[in-house]
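Undergrad: Residue numbers (the numbering used here), protein chains in the order written: chain A, 1 to 256; chain B, 257 to 546.
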Amino acid sequence: MALQRGELVGLLGPNGAGKSTLVKTVCGLVRPSGGMVTVFGSRAGTAGSRRHLGYLAETFRYPAWCTADELLTLHQRLARSEAGPTERSALLERVGLRDAARLRVEEMSKGMQQRLGLAQALVGKPRLLLLDEPTSALDPVGRRLVRDVLAEVRSAGATVLLNSHLLSEVELVCDRVVIIRAGEVVAEGVPHDLARPRGVHVETDRGTRVVPDVGRDDVPALVARLVADGEQVYAVTPLTSTLEDVYLDAVAGDTS
Amino acid sequence: MNAVAESARPIVVLAGWAVRESLRRRVFVIVALLTAGFLALYAVGCHAAFSHLGNQRQIGPVDAHEFAGATMLGLGMFAILFLGSVLAAFLTLSAVRGDAENGLLQPLVVRPVGRAQVLAARWLAAATVCTAYVTVVYAGSLFILRVTGDWGPDRLVGPGLRVAVAVSALAALCVLGSVALTATANGIATFMVLGSGLFAGLLGQIAHAIGNHGLERAAHVVSWVLPFEALYQDGLALTTADQGGITHFLVELGPLGGGSPAGHWLLPYAVLYIVAVGVIAVLATARRDL
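1) Mapping DSSP to helix, strand and coil, what is N358 of chain B?
2) Below 8 Å, how does it come out for the segment 71-78 of chain A and the segment 119-133 of chain A: are there three or more Cβ pairs, yes or no?
3) Using a Cβ-Cβ cutoff of 7 Å, what residues of the segment 57-70 of chain A are near chain B? List them in chain order.
4) Since I believe S263 of chain B is in contact with Q373 of chain B (beta carbons under 8 Å), could you give me their beta-carbon distance rounded to a whole number of angstroms?
5) Decide yes or no for the touch test of the segment 153-160 of chain A against the segment 3-22 of chain A: beta carbon pairs closer than 8 Å, at least 3 of them.
6) Hey, could you find the ends of the alpha helix (DSSP H) T73 of chain A is sitting in?
7) If I measure Cβ to Cβ from L437 of chain B and keep anything under 7 Å in the same chain, skipping five residues before and after, which residues do I get?
8) Buried or exposed: which applies to G54 of chain A, given that a residue is buried once 16 or more other Cβ atoms fall within 10 Å of its Cβ?
9) Quick check on V123 of chain A: does DSSP put it in helix, strand or coil?
10) In or out: P266 of chain B buried (at least 16 other Cβ within 10 Å) or exposed?
11) In terms of alpha-carbon separation, which member of B:S452, B:Y298, B:L522 lies closest to L398 of chain B?
12) Indicate whether at least one CB of chain A lies closer than 8 Å to the CB of G370 of chain B.
13) Under 8 Å Cβ-Cβ, which residues of chain A neighbour N358 of chain B?
14) Mind listing which residues of the segment 111-136 of chain A have their C-beta closer than 7 Å to chain B's C-betas, in chain order?
15) Mind checking which residues open and close the alpha helix (DSSP H) that includes R201 of chain A?
16) Going by the beta-carbon positions, is the gap between L450 of chain B and V533 of chain B smaller than 8 Å?
17) Measuring CB to CB, does D545 of chain B end up less than 8 Å from L29 of chain A?
18) With a cut-off of 8 Å, does the C-beta of R281 of chain B fall near any C-beta of chain A?
19) Run through DSSP, which three-state label would Y394 of chain B get?
20) Could you tell me which chain B residues have their CB closer than 8 Å to the CB of L29 of chain A, listed as they occur along the chain?
21) Alpha carbons only, please: which of A:D229, A:R209, A:T208, A:A195 is nearest the one belonging to L248 of chain A?
22) Which bits of chain A does V385 of chain B rub up against, with CB to CB less than 9 Å?
23) Between L53 of chain A and chain B, is there a C-beta pair that is closer than 8 Å?
24) As a quick exercise: from A:L145, A:G117, A:V214, A:D193, pick the residue whose alpha carbon is nearest that of D245 of chain A.
25) Quick one: does the C-beta of G41 of chain A sit closer than 7 Å to a heavy atom of the ligand FMN?
26) Under DSSP, the beta strand (DSSP E) around T208 of chain A begins and ends at which residues?
27) Can you give me the start and stop residues for the beta strand (DSSP E) that V9 of chain A sits inside?
28) Between the segment 311-323 of chain B and the segment 414-425 of chain B, do at least 3 Cβ pairs fall closer than 8 Å?
29) Which of the three DSSP states, helix, strand or coil, is assigned to S262 of chain A?
30) Indicate whether V214 of chain A and V200 of chain A have their beta-carbon atoms separated by less than 8 Å.
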């Protein structure tokens with residue numbers, strides 16, 4: 001599995017498939033039991049690889065006593081970012097926390113903390129952004145905001161690996177999807193390309209039905225045949241599988 | 257030189273962050289209040305002891321004034337060691353596993369900061385805070401002894417320095433314990449280790465008094481395996497380094513473990529001990545999945 005520069009990749013899989021483990025391995029938090037992970041040419045976990053990383057963990061906590069501004073200042077120092085208050089205020093503004101700079105973490109809602117976590121991950125303009133369920137505590141507006149931020153990050157040339165259970169979200173924002181099961185890649189590709197024809201929905205004067213094994217290109221011939229059979233055709237809709245269908249096929253119903 | 261400075265920079269940043277956390281959580285306010293209470297009681301105790309003696313400086317062959325002063329300072333040093341250890345333990349007991357389980361550690365170690373630097377920072381913060389604490393309380397105790405009984409130890413700096421190093425050694429052990437143990441378990445383990453060392457010291461004094469050389473040797477070995485005990489005993493010995501005779505013998509017995517000079521190698525050994533514990537902690541943390 002390889003990520004290309006400037007690519008936004010969605011990582012999908014059932015619980016226990018190894019998604020978070022993979023992300024943690026890239027970060028150097030977990031040592032690989034086999035194989036090798038490199039980040040921009042450096043072995044995962046080395047200082048050289050971590051220099052380019054931004055990471056938001058699935059389960060994270062920041063010290064309750066510190067303010068958003070203090071937390072970002074700490075991470076600027078650790079990431080050796082010299083952008084100072086300009087970067088901090090821009091990041092807080094971008095994640096919708098402009099007025100929360102002096103708010104302590106303990107005074108923030110879970111959703112605000114998650115958006116602060118995203119701002120923290122973006123400190124120092126990382127070249128590789130690793131997000132593990134970054135929208136699990138967010139409302140629809142917050143999710144939209146995160147999607148917009150991810151699109152901007154990708155536009156700026158950074159690579160993003162997004163681990164999420166929300167298929168619709170992945171489908172909306174990702175360039176490529178990788179589905180893993182028990183630590184193995186079982187499907188990958190552009191979301192649109194993964195979708196397959198699932199037949200055609202037909203509505204005639206004799207009722208509605210799905211004609212399987214027929215694609216969009218077969219619709220004119222199908223309509224001609226129906227008309228020749230004396231049916232009055234009201235509507236014909238090609239059906240394609242959703243990412244959810246692809247996902248369910250790939251994981252074979254595994255929910256462990 | 258630049259590489260060393262680059263490696264040290266995150267340690268200083270994270271140590272400063274840890275100290276700031278203690279300040280913001282008002283740990284120091286509570287510690288200061290409790291310590292003020294201790295010093296007040298200590299002053300009352302010293303005043304009572306010296307007042308009881310009055311002008312009577314000699315009781316038989318014993319220099320009563322010296323005995324009272326040294327015993328009270330020994331008591332004070334025991335309290336300082338205990339309070340400093342409590343502070344050291346609470347500042348470090350969740351350094352690795354506890355913070356990792358709470359999700360506090362991961363955002364830090366993903367930055368270009370090594371796990372070794374995070375551990376060093378946590379120890380440095382605890383050692384700095386505890387050394388400052390020991391210095392202040394030790395100086396307060398000396399002041400109280402001077403005011404209430406016009407008494408001072410034979411060595412001023414050495415005893416306090418040894419207690420500060422002892423507390424720093426315990427902080428290193430607590431950081432090591434935090435790699436494998438949860439915060440609660442590590443706290444319990446740290447205080448049991450502290451208690452074991454002090455208990456061994458008392459056994460050694462009893463063995464010395466009754467002439468049981470085997471037990472005395474065992475206590476001596478334990479006090480070097482857990483060097484905070486050897487440092488405490490050496491510090492106590494320094495308080496009456498110039499005394500002799502029956503007074504010195506009685507002071508050495510002490511109410512909470514007596515003094516026992518350990519020689520010039522103790523401090524370098526303690527520093528190496530802290531470094532060795534730190535290296536083991538770093539190696540253990542490096543193998544740990546977070």
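Note that CB positions come from ideal geometry on N, CA and C, so glycine has one too.
These numbers come from a predicted model, not from an experiment.
TA: The answer reads as follows:
1) Working through the second sequence from its first residue, we reach residue 358 of chain B at position 102. Residue state, collapsed to three classes: coil.
2) Between the segment 71-78 of chain A and the segment 119-133 of chain A there are three or more inter-stretch CB-CB distances shorter than 8 Å, so the stretches are counted as touching.
3) Result list: A57, T59, F60, R61, P63, W65.
4) Reading the second sequence from its first residue, position 117 is the one you call residue 373 of chain B. Reading the second sequence from its first residue, position 7 is the one you call residue 263 of chain B. Contact between Q373 of chain B and S263 of chain B is confirmed by a C-beta separation of about 7 Å, below the 8 Å threshold.
5) As far as the Cβ criterion goes, the segment 153-160 of chain A touches the segment 3-22 of chain A, which means the pair count is three or higher.
6) Counting from 1 along the first sequence, the entry for residue 73 of chain A is found at position 73. It spans 68-78 - the alpha helix (DSSP H) in which T73 of chain A sits, taken as one unbroken run.
7) Translated into the one-based positions of the second sequence, residue 437 of chain B becomes position 181. R353, A445, listed in sequence order.
8) One-based indexing of the first sequence puts residue 54 of chain A at position 54. G54 of chain A is classed as buried because its beta carbon has at least 16 other beta carbons within 10 Å across all chains shown.
9) In the first sequence, the residue the question calls residue 123 of chain A occupies position 123. Residue state, collapsed to three classes: coil.
10) Working through the second sequence from its first residue, we reach residue 266 of chain B at position 10. It counts as buried.
11) As a first step, residue 398 of chain B is located in the second sequence; it is residue number 142 there, counting from the start. Selection B:S452, B:Y298, B:L522 evaluated against L398 of chain B yields B:Y298 as nearest (Cα-Cα).
12) If you number the second sequence from 1, residue 370 of chain B lands on position 114. Output row for G370 of chain B: interface = yes.
13) Counted from its first residue, the second sequence places residue 358 of chain B at position 102. Chain A residues near N358 of chain B: R61.
14) Cβ contacts with chain B come from Q120.
15) Taking the first residue of the first sequence as 1, we reach residue 201 of chain A at position 201. The question names Arg, yet the displayed sequence has His at residue 201 of chain A. In the DSSP assignment, H201 of chain A falls outside any alpha helix (DSSP H) and within the unbroken beta strand (DSSP E) covering 197-204.
16) Here the question's residue 450 of chain B lines up with position 194 in the second sequence. Here the question's residue 533 of chain B lines up with position 277 in the second sequence. In this structure, V533 of chain B does not lie closer than 8 Å to L450 of chain B by Cβ.
17) Taking the first residue of the second sequence as 1, we reach residue 545 of chain B at position 289. Taking the first residue of the first sequence as 1, we reach residue 29 of chain A at position 29. Yes.
18) Here residue 281 of chain B refers to the residue found at position 25 of the second sequence. It does: the Cβ of R281 of chain B has a partner Cβ on chain A nearer than 8 Å.
19) Here residue 394 of chain B refers to the residue found at position 138 when the second sequence is read from its first residue. DSSP places Y394 of chain B in helix when its eight states are reduced to three.
20) Against the first sequence, residue 29 of chain A aligns to sequence position 29. The contacting residues are Q362, V365, V366, D545, L546.
21) Numbered from its first residue, the first sequence carries residue 248 of chain A at position 248. Selected option, being the one with the closest Cα: A:A195.
22) For the purposes of this step, residue 385 of chain B is taken as the residue at position 129 of the second sequence. Residues of chain A passing the Cβ test: none, with the nearest at roughly 16 Å.
23) Against the first sequence, residue 53 of chain A aligns to sequence position 53. Judged by the 8 Å Cβ criterion, L53 of chain A is in contact with chain B.
24) As a working mapping, residue 245 of chain A is identified with position 245 in the first sequence. Answer by Cα proximity: A:D193.
25) With respect to the ligand FMN, the structure shown offers nothing to examine, as it has no ligands at all.
26) Counting from one through the first sequence, the residue named residue 208 of chain A turns up at place 208. Start and end: 207-211.
27) Numbered from its first residue, the first sequence carries residue 9 of chain A at position 9. Taken as a continuous stretch (DSSP letters only), the beta strand (DSSP E) holding V9 of chain A covers 8-12.
28) The answer is no - the segment 414-425 of chain B does not touch the segment 311-323 of chain B, with fewer than three Cβ pairs under 8 Å.
29) No answer is possible for residue 262 of chain A: the residues shown for chain A start at 1 and end at 256.
30) As a working note, residue 214 of chain A is residue 214 in the first sequence. As a working note, residue 200 of chain A is residue 200 in the first sequence. Yes, the Cβ-Cβ distance between V214 of chain A and V200 of chain A is below 8 Å.
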